[in-house]
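To start, the structure itself, in structure tokens.
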Amino acid sequence: MENFKIEVDGDGIALVTFDVPGRTMNTLTASVIKEIGELVETIKTDDAIKGAVITSGKTTGFCAGADLGELGGEGGLGGGDLQAAFDAGFALNKAFRALETGGKPIAAAINGLALGGGLEFVLATHYRVVADLPKLQLGLPEAKVGLLPGGGGTQRLTRLMGVMAAAPYLLEGKSMKPAEALGAKVVHEVVPAGTEVEAAKTWIKTKGDPVAPWDKKEFKIPGGGPYTPTGAQVFIMGNAMLRKNTYGNYPAQQNIMKAVYEGLQVPFDAAIRIETRYFLKTLMTPQAKGMIRTLFLSLQELGKGSGRPAGVPYYDVKKVAVLGAGMMGAGIAYVQAMAGIETVLIDQTQEAADKGKGYAEALVKKAVSRGKLTAEKGEAILALIHPTSDYANVKGSDLVVEAVFENRDVKAQVTKLAEAQLADTAVFGSNTSTLPITGLAEASIRPESFIGIHFFSPVDKMGLVEIILGEKTDQATIAKSIDYVLKIKKTPIVVNDSRGFYTSRCFGTFVQEGMELLSDGIAPAIIDNVGRATGMPRGPLEMHDDVALDLSHKIAIQTKKDLGDKYEERPFTAVIAKMVEDLGRYGRKNGKGFYDYPEKGPKTLWPGLSELVEVKTTDADKALIDQIRTRLLYRQAVEAARCFEEGVITDPREADVGAILGWGFAPWTGGPVSFIDGIGVAKFVETLDQLTAAYGTRFTPPALLREMAAKGETFYSRFGVKEKAAA
Ligand code: NAD
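Going by full-length UniProt numbering, the sequence shown opens with residue 1, and the numbers climb by one from there.
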């Protein structure tokens, strides 16, 4: 075996070390699954072996689960043959079950994280000892990428914890720390790190029971199975909760519920066959395919800087000046300090700069009070932020992030002040959300080092940074900016200059389509409820309030000015103008928008809205719900397609990851590009044509889509992975 080493000690206990060659972390590759079978055979048939302890040879953890790269590949398991797919899908369950029923006691010495198939592996042993490492995690994160735990996890975890207690771990992919796992009876012992193998061996020598609880006559499911009065309640409530949280958009969660419900009513060997069927059913959905690709594979690749131009040496950003200590600047200063970057935080007055640092102070104080940071570490982090109004302090900065008012003149002025202090190698990044980078770069004496570095609010919570290229931005500046974004632990996407860049432009269409629906006379409650049911984080009117109606009004005025004759006035523009100019309704920020926001209690729809727009439809039947859903999703997706046609975005991975992380595009789709690919470009175009006939040219498919439909292409096949290195 290449993945497992066996050493038998004088007591006849085999120490099995799991160590996949050539990888930093153990995963369950096809070769590992095959060898678990061989391992079981050896333990079973070798009379010298009385029992076995399985541990990891990696310092990084025990096992991170299935190899999603293998699972998420084209073709899927079995290559279209259902029996072959079942056999391949069942292989892991079969191997684990053989380990569990081999007749000899097996213990796991868990010396690092065990996630997904890694946790399922140890759940199939008879005794689990965990090293007491504060960061060690045990969990089944499959549902987060649209998958179902397919190595017995749905069956063993529920039989250990009970359905109700296991639900958040199965459905939300929550993980547990060693102490929690011990309290939940998922593991048997937590011991000081380094003594787990010894403790596991002691159990084999002293107790060594080779029969799993569910294989014993007296076994009862904790909290009761589906046909007990309490157990039945859990499923009734659980289904309702699941529906409320997911609107039926996620096959993984639905199938997990089904696998648990059906599996708990039959003997274990039948239960795992049921699980495998649901595992495969889930794996074959476009949702799983899209989610694995975007939320796991692409996210991981972009997180390693896969789009970074090659040939530029790594740029270690040690000192950064942040211009403007307002909402964004304060957040940027905080994430930089957390990443160990010395930060000069500049505002017009010392007082304003100090106020900006106050944001980091409050967050650090909270983390210290919650025991997440030591007081000394907190102090050290805050000591990295130097608030000032003096631009002389910019000197020595490797990079500048400009986050002053959204005003060309103010931005031009601070660009000049900062550049006067900068070395030739330094990067100047603007955090503008709307102003084209090429235009802003005109104020720069070094436009090749000028770039957009667009953060999202709140900066400390949002994982995406959109890097925007001006006409003159050079490759080195792109590479350096990516190095910076990765250092502050965010995911970068790189886009070309355009009105609203990529994320704001596509997100804007969601909000606008909400306004179109309102103009069509659909009741606001229906619009937002269906908006949420599409899988977006909030409905379009709620989101509009969050963004701010006065901002939307300002953008409309500016766009009209910029586009001149090409600007198409929509009926709702007047509604927004009236709300902002006459009624002072700016959105959530002043407690008055489409909703009223009382100091206490939930927001309620503003009753005055019905005086501004005529509500014609207050009943939502299935046809209307489908219509709204289609309009909201297709409108965003066609805008993403236009961004490809115009070269604003060029890599499908960046388009999908950017959409989900940036504006919360329905994650079940895997992103707008995966959404189109999943439907099929030809079919997508057909629906767009119908939408255009019914609602207007905003749905008209770009020529690119028609060409792709004619050629039978998908975005991932046509645009593939951007090879910046080759370029
Ligand atoms: P803000 O009004 O909260 O902060 C701007 C800060 O810049 C203020 O503290 C102001 O005193 C300071 N400032 C103004 N002129 C200055 C000067 N000459 N020198 C130094 N400081 C000066 O605004 P914000 O929301 O933090 O936005 C800042 C930038 O980030 C804007 O370009 C905005 O478009 C962009 N942005 C905002 C968001 C968002 O959600 N708010 C998201 C992404 C990008």
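For each residue, glycine too, the CB sits at the ideal point set by N, CA and C.
Being a predicted model, the structure only gives us computed values, none of them experimental.
*Residue ranges of each alpha helix (DSSP H) run of no fewer than 4 residues wholly in the stretch 323 to 364, ordered along the chain?*
Entirely contained in the stretch 323 to 364, the alpha helix (DSSP H) runs reaching 4 residues are, in chain order, 327 to 338.
*DSSP three-state call for K724: helix, strand or coil?*
Translated into positions along the sequence shown, residue 724 becomes position 724. Here K724 scores only 42 on pLDDT, less than 50, and its place in the model should not be relied on; the value that follows carries that caveat. In the structure shown, K724 sits in coil (DSSP, three-state: anything other than H, G, I, E or B).
*asked:* Given 7 Å as the limit, tell me if M328 has its C-beta closer than that to any heavy atom belonging to ligand 2.
replied: Ligand 2 is not part of the structure shown, which contains ligand 1 as its ligands.
_On the DSSP letters alone, give me the boundaries of the alpha helix (DSSP H) that T432 sits inside._
Working through the sequence shown from its first residue, we reach residue 432 at position 432. Membership of T432 in any alpha helix (DSSP H) is not indicated, and neither H nor E is assigned to it by DSSP.
_Between the alpha carbons of R631 and G531, how many angstroms are there, rounded?_
The residue labelled residue 631 in the question sits at position 631 within the sequence shown. The residue labelled residue 531 in the question sits at position 531 within the sequence shown. Roughly 10 Å between the two C-alpha positions.
*asked:* Taking only three categories from DSSP, how would you classify L384?
replied: Along the sequence shown, one-based indexing puts residue 384 at 384. Of the three classes helix, strand and coil, the one that applies to L384 here is coil, per DSSP.
_Looking only at its chain, what residues have a beta carbon closer than 6 Å to the beta carbon of P222, apart from the 5 residues adjacent to it on each side?_
Residue numbering aside, residue 222 sits at position 222 when the sequence shown is read from its first letter. By the criterion of a C-beta distance shorter than 6 Å, P222 is surrounded in its chain by G162, once the five residues flanking it on both sides are discounted.
*What distance in whole Å lies between the Cβ atoms of S433 and S504, which are believed to be in contact at a cut-off of 8 Å?*
For this step, residue 504 is matched to residue 504 along the sequence shown. For this step, residue 433 is matched to residue 433 along the sequence shown. The Cβ separation is near 6 Å, so the contact holds.
*Select from L435, G117 and K135 the residue whose C-alpha is nearest the C-alpha of I36.*
What you label residue 36 is simply residue 36 of the sequence shown in a count that begins at 1. Answer by Cα proximity: G117.
_Host beta strand (DSSP E) of L464 (start-end)_ = Here residue 464 refers to the residue found at position 464 when the sequence shown is read from its first residue. In the DSSP annotation of this structure, the continuous segment of the beta strand (DSSP E) that includes L464 starts and ends at L464 to L469.
*Residues in its own chain within less than 6 Å of A725 by CB, not counting five upstream and five downstream?*
If you number the sequence shown from 1, residue 725 lands on position 725. Residue placement at A725 is flagged as unreliable, the pLDDT there being 39, under the threshold of 50; a coordinate-derived value is accordingly withheld.
*For the beta strand (DSSP E) that contains T60, what are its first and last residues?*
If you number the sequence shown from 1, residue 60 lands on position 60. Counting along the chain, T60 sits inside no beta strand (DSSP E), nor does DSSP assign it H or E at all.
*Check whether the stretch 631 to 645 touches the stretch 654 to 666, taking contact to mean three or more Cβ pairs, one atom from each stretch, closer than 8 Å.*
Enough Cβ pairs lie closer than 8 Å, so yes.
*Quick one, are the C-beta atoms of S56 and F18 less than 8 Å apart?*
The sequence position of residue 56 within the sequence shown is 56, counting from 1. The sequence position of residue 18 within the sequence shown is 18, counting from 1. Cβ atoms of S56 and F18: closer than 8 Å.
*When burial is assigned at 16 or more other CB atoms within 10 Å of the CB, is G183 buried or exposed?*
Position 183 of the sequence shown, counted from the start, is the residue given in the question as residue 183. Exposed is the call here.
*Can we say the stretch 694 to 706 touches the stretch 320 to 335, given the rule of at least three CB pairs closer than 8 Å?*
Flag = no, the stretch 694 to 706 and the stretch 320 to 335 do not touch.
*Is it right to say K357 is buried, meaning 16 or more other beta carbons lie within 10 angstroms of its own, or is it exposed?*
The count along the sequence shown starts at 1 and reaches residue 357 at position 357. So K357 counts as buried.
*So V648 is in the alpha helix (DSSP H); what residue range does that whole segment cover?*
The residue labelled residue 648 in the question sits at position 648 within the sequence shown. V648 -> no alpha helix (DSSP H), and no H or E assigned at all.
*At which residues does the alpha helix (DSSP H) containing N529 begin and terminate?*
In the sequence shown, the residue the question calls residue 529 occupies position 529. Its alpha helix (DSSP H) spans residues P524 to A533.
_Checking 8 Å against the spacing of the C-beta atoms, do S397 and A426 come in under that value?_
Position 397 of the sequence shown, counted from the start, is the residue given in the question as residue 397. Position 426 of the sequence shown, counted from the start, is the residue given in the question as residue 426. Yes, they are a contact pair.
*asked:* Three Cβ pairs or more, each shorter than 8 Å: is that satisfied between the stretch 242 to 252 and the stretch 529 to 548?
replied: Contact holds: three or more Cβ-Cβ distances are below 8 Å.
*asked:* For I482, which residues in the same chain have their Cβ closer than 6 Å to its Cβ, ignoring the five residues on either side in sequence?
replied: One-based indexing of the sequence shown puts residue 482 at position 482. A distance below 6 Å between beta-carbons, with the five flanking residues on each side excluded, links I482 to the following residues of its chain, in chain order: G305, R308 and P492.
*Under a three-way DSSP split, which group does E569 fall into?*
Mapped onto the sequence shown, residue 569 falls at position 569. Under the three-state reduction of DSSP output, E569 falls in the coil class, being neither helix nor strand.
_Here's the rule: buried if 16 or more other CB atoms are within 10 angstroms of the residue's CB, otherwise exposed. What is Y567?_
In the sequence shown, the residue the question calls residue 567 occupies position 567. In this structure Y567 is exposed. Its beta-carbon is surrounded by fewer than 16 other beta-carbon atoms within 10 angstroms.
*Between V681 and L705, is the Cβ-Cβ spacing less than 8 Å?*
Working through the sequence shown from its first residue, we reach residue 681 at position 681. Working through the sequence shown from its first residue, we reach residue 705 at position 705. It is a contact, given that the beta carbons lie within the stated cut-off.
_For ligand 1, is there any heavy atom lying closer than 7 Å to the beta carbon of F719?_
Here residue 719 corresponds to residue number 719 of the sequence shown, with the count starting at 1. It does not: the Cβ of F719 is nowhere closer than 7 Å to a heavy atom of ligand 1.
*asked:* Quick check on residue 729: does DSSP put it in helix, strand or coil?
replied: Look at the range of the chain in this structure, 1 to 727, and you will see that residue 729 is not part of it.
*Would a C-beta distance cut-off of 8 Å place N255 and L92 closer than the cut-off?*
As a position in the sequence shown, residue 255 is number 255, starting the count at 1. As a position in the sequence shown, residue 92 is number 92, starting the count at 1. Contact: no.
*Kindly list the residues whose CB is nearer than 6 Å to the CB of T24, restricted to its own chain and excluding five residues on each side of it in sequence; keep chain order.*
Taking the first residue of the sequence shown as position 1, residue 24 is located at position 24. Excluding residues within five positions, the ones whose Cβ falls inside 6 Å are T60.
*For T158, is the classification buried or exposed, using 16 other Cβ atoms within 10 angstroms of its Cβ as the cut-off for buried?*
Translated into the one-based positions of the sequence shown, residue 158 becomes position 158. The C-beta of T158 has 16 or more other C-beta atoms within 10 Å across all chains shown, which makes the residue buried.
*Is there at least one non-hydrogen atom of ligand 1 closer than 7 Å to the beta-carbon of H454?*
Residue 454 sits at position 454 when you count from the first residue of the sequence shown. Correct: H454 has its Cβ closer than 7 Å to ligand 1.
*asked:* Just to confirm the assignment, what range does the alpha helix (DSSP H) spanning K399 have?
replied: By 1-based counting over the sequence shown, the position of residue 399 is 399. The question names Lys, yet the displayed sequence has Leu at residue 399. Run containing L399: none in the alpha helix (DSSP H); it sits in the beta strand (DSSP E), L399 to E402.
_CB contact check: A659 to chain D, cutoff 8 Å_ = Looking for chain D here will not work: only one protein chain is present.
*Bounding residues of the alpha helix (DSSP H) (the contiguous stretch that carries P672)*: For the purposes of this step, residue 672 is taken as residue 672 along the sequence shown, with counting starting at 1. Counted as a single uninterrupted DSSP element, the alpha helix (DSSP H) harbouring P672 occupies residues P672 to I679.
_Please classify I110 as buried or exposed, where buried requires at least 16 neighbouring CB atoms within 10 angstroms._
Position 110 of the sequence shown, counted from the start, is the residue given in the question as residue 110. By the neighbour-count definition (other C-beta atoms within 10 Å, threshold 16), I110 is a buried residue.
*Among all the DSSP beta bridges, which residues are the ones paired with N590?*
Translated into positions along the sequence shown, residue 590 becomes position 590. Residue pairing by DSSP leaves N590 without any beta bridge partner.
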